[in-house]
Amino acid sequence: MFWIIASTVVAAFMATVMIFVRLRAARRPASVKKIILPPLFMSTGALMFLFPVFRVQWSQVAEAVCVGILFSFFLIRTSKFEVREDQIYLKPSKAFVFILFGLLILRIVLKLIIGQTIAFGQMSGMFFLLALGMIVTWRLAMLRQYLQLERTL
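Following this note's numbering, the numbering of the sequence shown begins with 107 at its first residue and continues without gaps.
In structure tokens:
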């Protein structure tokens, strides 16, 4: 139970940090590098699967990634770019904060439900895959939108 509470507190902290990072990012022009790097940095977390305690079945991988892709649609809808002074900026969205905390609450509820039937290590692996599926899908959509806008400049 300690690990579930601790991981929930860490997830809440990370969500809060992400909100502030997103708000700061809107002040500076966007770039391909700024869009691509976060999922690449996050992907190093896949090294957790070297340890048997975190390994999940392929069906669980598919479930986690599909749920992550579904969650990403909320983030994609709130991520819009705008052109200012011949540069592309991420447009701040008031809904982003509510969506991020809504996804966090949904994640906590899922964790409490799934945590009853799946070992903590496997659950951690599944939630990592969910988050990776979400951020990769979201960032690919942002990259596509950015490149389309860049072509019009």
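Ideal placement from N, C-alpha and C gives every residue a C-beta, glycine not left out.
>> Between which residues of its own chain and leucine 253 is the CB-CB distance below 8 Å, once the five residues before and five after are set aside?
In response: Val138
>> Using a Cβ-Cβ cutoff of less than 8 Å, which residues in the same chain neighbour alanine 247 once the five nearest sequence positions on both sides are dropped?
In response: Ser178, Ile182, Ser185
> Is it buried or exposed for serine 239, if we count other Cβ within 10 angstroms and need 16 for buried?
Replying inline: Contrary to the premise, residue 239 reads as glycine rather than serine in this sequence. It is buried - the Cβ of glycine 239 has at least 16 other Cβ atoms within 10 Å.
>> Excluding the 5 residues flanking isoleucine 220 on each side, which residues of the same chain have their C-beta closer than 8 Å to its C-beta?
In response: Met229, Met232
> By Cβ distance below 8 Å, which residues in the same chain neighbour phenylalanine 180 in space, the five residues on each side in sequence not counted?
Replying inline: Ile205, Gly208, Leu209
>> Going by the DSSP bridge assignment, what does arginine 190 pair with across the sheet?
In response: Gln193
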